[in-house]
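Using my numbering, the first residue of the sequence shown is number 1341, and each one after it goes up by one.
For glycine and all other residues, C-beta sits at the position ideal for the given N, C-alpha and C.
Being a predicted model, the structure only gives us computed values, none of them experimental.
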Amino acid sequence: MFVFITGASSGIGEALARQYAAQGATIGLVGRRQQMLDALAASLPGTHHCYALDVRDRDALHRAAADFQAACGRVDLVIANAGISVGTLTEEMEDFDGFKTVIDTNLVAMVATFEPFIAGMKARRAGQLVGIASVAGIRGLPGAGAYSASKAAVIAYCESVRNELIHYGIRVSTVAPGYIRTPLTAHNPYTMPFLMEPDVFAEKAARAIARGTRYTVIPWQMGVVARLLRLLPAVVYDHFASKAPRKPRASRPS
């Protein structure tokens, strides 16, 4: 099995890489930090390929995809996991660049990640694309306009792609994590219900992906919360959400 994973140097991406390597997969590891990618590859069973790049660089991402496909002959699974989060406020003019960076990384780079693999999957009438979303995309969270918007867009985007490719034998799955213990959540100044370890998440996500699940929230408890949130009238949701704690703003996303 040949698997291409973005955001692989830490957090969910690293956990997914370990999960698939343990299954015997050859993995294309994509991340910004060469040293961390090399260390991860060296710690995994098997031989893997490391690509240090910024996923916002579409050309670099496509070169990595081409190299991995050439080395492996085919790619069975592509997981667009790279993502960042930072608190944003629309009235703060200096937050605009951070807002754009979040959207470009979480959404636009997902498009660039999937693009170069679709032709080969169509030709083989096989393969799977996976977009990592978030429960933060279910309803808008105060102070997290960029992150919530990007993840809501990921959910809708993956649904669109799934129905574009369904007749070509290509499966598209959306996995929406709840709170996972990663560097992305480490600085959240509020209680995170149902907090899950990344290796546990990766095992559950891999099982859902193998089943071809179209959309899933992990852990299941957050899936229940997500369904309830969808049903709440706006006036009720606003009453509680407007009082919720907010992710800290920063001069640059982390």
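Three Cβ pairs or more, each shorter than 8 Å: is that satisfied between the segment 1571 to 1590 and the segment 1391 to 1407? no
Nearest-angstrom Cα separation, counted from Met1341 out to Gly1347: 19 Å
Excluding five sequence neighbours on each side, which residues of the same chain lie with their C-beta closer than 6 Å to the C-beta of Gly1509? Arg1465 and Ala1466
Which complete beta strand (DSSP E) runs does the segment 1359 to 1440 hold, if anything under 3 residues is left out? As far as the segment 1359 to 1440 is concerned, its whole beta strand (DSSP E) runs of at least 3 residues are 1366 to 1371, 1389 to 1392 and 1417 to 1420.
If you follow the alpha helix (DSSP H) that Arg1570 is part of, which residue opens it and which one closes it? Trp1560 to Leu1571
Which same chain residues, not among the five before or five after Arg1570, have their C-beta less than 8 Å away from its C-beta? Ile1478 and Arg1479
Given 8 Å, three or more beta-carbon pairs between the segment 1397 to 1411 and the segment 1449 to 1461: yes
Enumerate, from N- to C-terminal direction, the unbroken beta strand (DSSP E) stretches of 3 or more residues contained entirely within the segment 1501 to 1527. 1511 to 1517
Which same chain residues end up closer than 6 Å to Met1461 when comparing Cβ atoms and leaving out the 5 residues on each side of it in sequence? Gly1467 and Ile1510
Simplified DSSP state of Ala1546, which is helix, strand or coil: helix
Look at the alpha carbon of Leu1447 and the alpha carbon of Met1562, and state the distance between them as a whole number of angstroms. 22 Å
What's the C-alpha gap between Glu1431 and Arg1414? 47 Å
In whole angstroms, what separates the C-alpha of Ser1383 from that of Val1470? 24 Å
Flag this pair as yes or no: are the beta carbons of Val1501 and Val1512 separated by less than 9 Å? yes
Between the CA atoms of Val1451 and Ala1550 - distance to the nearest angstrom: 22 Å
Beta-bridge partners of Ile1345, as assigned by DSSP: Leu1369 and Ile1419
How long is the line joining the alpha carbons of Ile1495 and Asp1378, rounded to whole angstroms? 31 Å
Leu1369 and Ile1345 closer than 9 Å at C-beta: It is a contact, given that the beta carbons lie within the stated cut-off.
I need the DSSP call for Met1450, collapsed to helix, strand or coil. Under the three-state reduction of DSSP output, Met1450 falls in the helix class.
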